[in-house]
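Take a look at the structure set out below.
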Amino acid sequence: MPEEKFEPKIVAFFCNWCTYMAADSAGTSRMQYVPNARVVRLMCSGRIDPQFVLDAFAKGADGVLIGGCHPGDCHYQEGNYKTLRRITLLKRVLKEMGIEEDRFRLEWISAAEADRLRTTVNDMVEKVRALGPLRLSAKEVIPEEVAVS
Amino acid sequence: MEIQRKLKHQWEAHPEWAHQVAALPGCEKLFSCLQCGTCSGTCPLSIYMDYTPRRIINLVREGFREEALSSQTIWLCASCYSCAVRCPQKIQITDVMYSLKREAIKSRLFPKRFAIPALSREFYSMVSRTGRSSEMWLVLRMAMRSNPLILLTMVGTGLNLLRTGRMALRREKIRRLNELPRENSKAMEVQ
Amino acid sequence: MFETNGTARIGVYVCHCGTNIAGTVDVKSLAEYAAGLPGVVVSREYKYMCSDPGQELINSDVREHKLNRIVVASCSPLLHEHTFRTAAEKSGLNPYYAHMVNIREHDSWVHQGEKEAATEKAKDLVRAAVRRIRYHKPLEKGYVPIDPNVLIVGGGIAGIHAALTMANAGKHVYLVEREPTIGGHMAKFDKTFPTLDCAACILTPKMTSVKAHPNITLWTLSEVTNVEGFVGNYEVTVTRHPRYVHEDLCAGCLQCIEACVYKQPRFDDEFNVGLGKRKPVYIPFPQAVPQVVLIDPETCIQFKKGTCKKTCVEACGDRQAIDFEQKDEVKKIKVGTVILATGFQTVAAERVPYYRYGVYPNVYTSLEVERLINASGPTGGEVVLRDGTKPKSVGIIHCVGSRDEYTNKWCSRVCCMYSLKLAHLIKEHTHAEVFNFYIDMRTPGKGFEEFYHRLLKEGVHFIRGRVAEVTDWADDASEEGKLVLRVEDTMSAMVRRIPVDMVVLSMGLEPHADAPEVRRLFNISCGGEGFFTERHPKLAPVSTFTDGIFLAGCCQGPKDIPDTVAQAGAAASEAMALIDAGSVEIEPNTAYVVEEACSGCRTCIVLCPFSAISFVQEKKKAAVNAALCKGCGTCVAGCPSGSLRQNLFEDEQIFEEIEGVLNYA
Amino acid sequence: MSEGYLYFPGCSLKGTGRAYEESLLTLFRLLDLKLEELDDWNCCGATSYMSIDEGAAFALSARNLALAQKSGKNQIVVPCAACYLVLKKTQDYVERYPEIRDHVTASLRSVKLPMAEPLAIRHPLEVLYNDIGVGRIRSKVVRKWAGGPIACYYGCQAVRPYYEVDKPVDPTRMEELLEAAGIPSVPYSLKTKCCGGSLTGTIHEVGVRLNAILLKEAVRKGAKAIVTLCPLCQFNLDAYQSEVCKLTNQDLRMPVFFFTQLLGWALGGDPRELGVHRFISDAASAKQWLSEAKEVAAHV
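Chains as they are written, first to last, in our numbering: chain A, 19 to 167; chain B, 5 to 195; chain C, 186 to 850; chain D, 4 to 303.
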């Protein structure tokens, strides 16, 4: 729908203890931000399987945002470090698939950083809007098994 | 002594104007004022003002345009920024004062025969024409436009400056006058 | 009765939450939309789903329409997930057949005025939930036993009150205090507002009974250095720093202090915030608990040079309580619950440079003045300037370091009242002319406003205006040798210059500098300003998001003594409620292994920070110990063969959610 | 320092503040610092311009920044406090407010000038303090001060709202540099209070009162002279002293120096080249102190 204004869809994977809470407190303090993100709640960003991200892109997400606790603050001690390792690998895969960097973002947002959450979402949506809708070319087949750990 | 009526009806206020001011650069935080008076307390000139800076902020915030624009306060402000750096809410009061000065001049609401608006306008036109300000000429024209008596108070000073070679008699001018921003006619028609 | 994983009969419930949601999200069309989704049998919108009638709605629908899945679109699951799981359970379903959609915090509240977009978002989220819940399974509730012992961190009035409450109820309390004595800030105060009863008189009895109580283990000069485990089963490491005196051997006779080679006290005395002096061997203050001396290695000759005559050891004699060799002692304890009562610190006066603290000697902080007024303080209760003279005029500046973008934005809540108290006490002690400079007078509390009126009658000056500067610039003879406060008297709209002999800065309250470390240690969260965050500002004010850890006192936000004590009592009873229940329900969101698929590659074993996964040699397969698993799912994401799975966060459920939000019908 | 600094004198330094320019150039020469005057610079607009037309005010001072950019140098020395602030504020607000940036860019483009990249706008006090340093000043002192303690007066716009020149609350760099030059100072609580700027010319009586306060406190603290870093401050305190004395009927006469005059003198500059003949009030003491100089060893 390039003719009318393009509204990007962002799938956001938030960890229960930091970023999800940040989003909650953004709500309680009535901070206003763009309505383009859809949150999928997980206990820890460490639960995020690269396939979730690939699936999201494959099924029509224009961007994927991952939110976890700051390094050292993980509710489960080190889950977010594991996330970081996986994501760095995943980023390469996405690059090869021709998915622009701005479409995939990992942010550490603590429960206290409601405003940071607000600006992150706004900023990402703005960037993705600039990129336009994601169109994975036909030859692009999402690898069923991307073993990253 | 004349007795003044102090009652204000709400229809006399211009709330929308308050929001226009708050939209100007530097005036964003207008509405976060706590009325603590730090600005007035730190201002070296507040003791000569008809409204203290704190009261000006509140007049603007409540939309009392005439009172704010015709106050002497905004012309007594010497832009020393004490208030701006001390305000616990980080309100750039100096910028608020500037914006009020500009509007006062545009809408001719400044105190009559008050030298400062005259000075500003003379300064403005001189600089827009020559690119430099020559203090002596400036003072002369300012005085003529506001209150020539000022000159008397200045004779002594003038002589001293001459004696010590501190008065530039030649009118300075820059070479590439064409590079100066155009005079804003709206601002100048006031003359 | 409907314990079936087969065909889903889903009920969707959209909550208006008054106008909180309905004001922004078109709840009617949302409910209508949901009704059309595959598997949905009933779809309703209702004013308050969390209310009894709301829950009853679910109950009757389950019976009537044979529902076996419940989706509630309302507020954050962190708030009401438990409510609706219980509702499902009451109607005979497995509680984990209920799922919540957050259309308030994540939608209506953050997209006000965007009705259309917000409604679209809500539809996406509901659709995702409807798709997800089809893959839910019945799960057994998980329970863990609660260790009856409790750890209380911080020995101020909050920690003391919580400790006594629980100890009296027969629970064993470990009270850990960083300082050499308990008592905290309150012990430093002279009188307490508004009743003006002496702080020591009401606090010290509680302090001594802490020491005496059989159920309380008191560790001063100690810090919590490590915390492991989870609700009901915390394993805590406490490091006891050496005081170089054996607590059990010292009788508190204080003869060692007499005998110290330093004949005169000459080192800054922390308890008197630097106004008094002490020796290297000292007791913080006469009623300190424990009544035991300590030696400060920074100033003791024996520690610095090793050449001291050790007259203190002589004086101690056969007791042999003094031990220069004492080292850190590490204690490991098991507790089921924790109460954090770590208190606050006052803003450093140097951060408000315009008031010239540390430049002009007669500018004091409120805490310094508390000590000056205190009968057991450095001047024995004499309010005198540093040169020993009595001030004839005193200016008390409120809100210093509070309500200020340059220091702390918040109101510190107690400053107005303690400033009034100081004004009264200073007048009483010195008959000086007292000026209070305030921005807003905040006296919301029992007897507070009355106290304010009392001071008005006593003739204290109240000037509404924030002092711009404290200066020694004298405008005329009347100001010579004085400190001049330049301020706008906003009530009379005049700028005034008020010369005084003494300036008191009513410093604001802020979180301890090391609050972030404590937060990390106990795995709880802080608000932007750095105070610990309660689970819910209204409904769970002393709980945290980490089960079994509770808050009391100013570590959660500025508050006065009555509120602190009330909160400490609340924290104690919350903890006891857990303990007396004997066990606590936990999310059954643990990981498990699908053995036939497990290749035994052991990738998962290193991934688990809680070593909950072991390798079973005979089967050559991984096994998860549910008791140790915390349910983060890191191993699940890492398993190459997909044989590790997580309850409540199964791959199918998450994929369905992803595709659901992306509008795949 | 090899590549040297651009120099923006501003209108006052060509008129009432002439001595400031003379002493500044002399001092920088003594320290082998190159100053290159910005070619065809224009008035910064001061406070008056801002009171008429904000857009034009920013555009006006932006022209100077654009010229500076074209000259290829990346730092410009601005001795006049007012000019210093206006140039800094222009650069800052152009950064901060898109609407202002757009207006200024357009206005500059219309006269074929580029929008300047941010460059270092510096006040001589801070240049001397940071680039030369108290130590090097001390080592270059060749004269011994006989003039008694002075009060360092910073005024407003050099120390507010931008804090590069010195600390906002209690600036001390002038004191430090002058102490190094062997010139003692008194604690002066009004060092950052405003002198009223152009008020002396407009609402005369108020302007004079402000200066009376400053002089009274200086005398009270035992100062024998005031030292400034702004042409307008110097002018007000110097030119209206006799009036202040009448107003307060106290003898508050004292020379009002530019800090560059005292430093230049201490480093051996020729008094004439430091503008010693340009004082109005108590010129006698000024002349005396700035000439009767015993040479001393190159350390104090």
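Cβ coordinates follow ideal geometry from the N, Cα and C atoms, glycine included. Because the structure is a prediction, the values reported are computed rather than measured.
Residues of the segment 282–309 of chain C with a C-beta less than 7 Å from any C-beta of chain A: Arg289, Glu290, His291, Trp294, Val295, His296, Gln297, Glu299, Ala302, Ala303, Lys306 and Asp309, listed in chain order.
The three-state secondary structure of C/Lys373, taken from DSSP, is helix. If you draw a straight line from the Cα of D/Leu193 to the Cα of C/Glu555, it is about 32 Å long. No Cβ-Cβ contact shorter than 9 Å links C/Val286 with C/Tyr218. In this structure, A/Thr37 is the residue among A/Asp73, A/Ala30 and A/Thr37 with its C-alpha nearest to the C-alpha of A/His93. In this chain, C/Asp433 is not harboured by any alpha helix (DSSP H), its DSSP state being neither H nor E.
Straight-line measurement puts the Cα of D/Lys115 at about 41 Å from the Cα of B/Gln76.
When C-beta distances to chain D are compared with 7 Å, the residues of the segment 522–540 of chain C below that value are Pro538 and Tyr539, in chain order. For C/Thr304, the uninterrupted alpha helix (DSSP H) segment begins and ends at Lys300 to Ile318. When secondary structure is reduced to three states using DSSP, C/Glu842 falls in the helix class. Under the Cβ criterion of 9 Å, A/Met49 is counted among the residues facing chain C. With contacts defined as CB atoms closer than 9 Å, C/Leu324 and C/Leu736 fail to qualify as a contacting pair.
Per the coordinates, the alpha-carbon of D/Leu90 lies some 52 Å from the alpha-carbon of C/Phe452. Judged by pairs of C-beta atoms under 8 Å, the segment 93–111 of chain D does not touch the segment 29–41 of chain D, as fewer than three such pairs exist. At a cut-off of 9 Å between beta carbons, C/Lys594 makes no contact with chain A.
For D/Arg146, the nearest beta carbon of chain B is not closer than 9 Å to its own beta carbon.
Taking 9 Å as the cut-off, the Cβ atoms of D/Ile79 and D/Leu36 do not count as close. Listed in chain order, the non-local C-beta contacts of C/Val335 below 8 Å within the same chain comprise Met351, Lys356, His357, Val358, Tyr359, Val520, Gly521, Thr522, Val523, Ile524, Ala760 and Ile764, local neighbours out to five positions each way being set aside. Excluding residues up to 5 positions away in sequence, Cys711 lie with their Cβ nearer than 6 Å to the Cβ of C/Arg704 in the same chain.
As for any alpha helix (DSSP H) of minimum length 4 sitting wholly inside the segment 618–646 of chain C, the runs are 633–643, ordered along the chain.
Between the alpha carbons of C/Ala808 and C/Leu792 lies a gap of roughly 13 Å. Cα atoms of A/Ser47 and C/Glu290: separation of roughly 9 Å, rounded to the nearest angstrom.
A distance below 8 Å between beta-carbons, with the five flanking residues on each side excluded, links C/Ala534 to the following residues of its chain, in chain order: Tyr540, Tyr542, Gly543, Val548, Thr550, Val585, Gly586, Leu690 and Met692. Between the segment 53–67 of chain D and the segment 121–140 of chain B, the count of Cβ pairs shorter than 8 Å is three or higher; the stretches touch. For C/Gly459, the CB contacts under 7 Å within the same chain, skipping 5 residues up- and downstream, are Asp453 in chain order. Below the 9 Å Cβ cutoff, chain C contributes Thr656 and Trp658 as neighbours of D/Leu193, in chain order. Rounded to whole angstroms, the gap between the alpha carbons of B/Gly169 and C/Ala608 is 59 Å.
C/Leu263 is classed as buried because its beta carbon has at least 16 other beta carbons within 10 Å across all chains shown. Its chain contains Ile28, Ala30 and Val139 as the residues whose beta carbon lies nearer than 6 Å to that of A/Ala55, once the 5 sequence neighbours on both sides are disregarded; these appear in chain order. Sorting D/Met177, D/Gly185 and D/Val211 by C-alpha distance to the C-alpha of D/Leu250 places D/Val211 at the top.
Comparing C-alpha distances from C/Val295 to each of A/Ala40, A/Pro26, A/Asn34 and A/Trp35 shows the shortest one belongs to A/Ala40. Each of C/Glu408, C/Thr380, C/Lys376 and C/Thr304 was checked against the Cα of C/Gly339, and the nearest Cα belongs to C/Glu408. In terms of beta-carbon proximity, A/Met115 stays away from the interface with chain C, with every pair separated by 9 Å or more. Per DSSP, reduced to three states, the secondary structure at C/Ala811 is coil, with no helix or strand assignment.
As the crow flies, the alpha-carbon of B/Cys87 is around 22 Å from that of D/Glu220. The contact set of C/Gln831 on chain A, defined by CB atoms closer than 9 Å, consists of Met61 and Arg65 in chain order.
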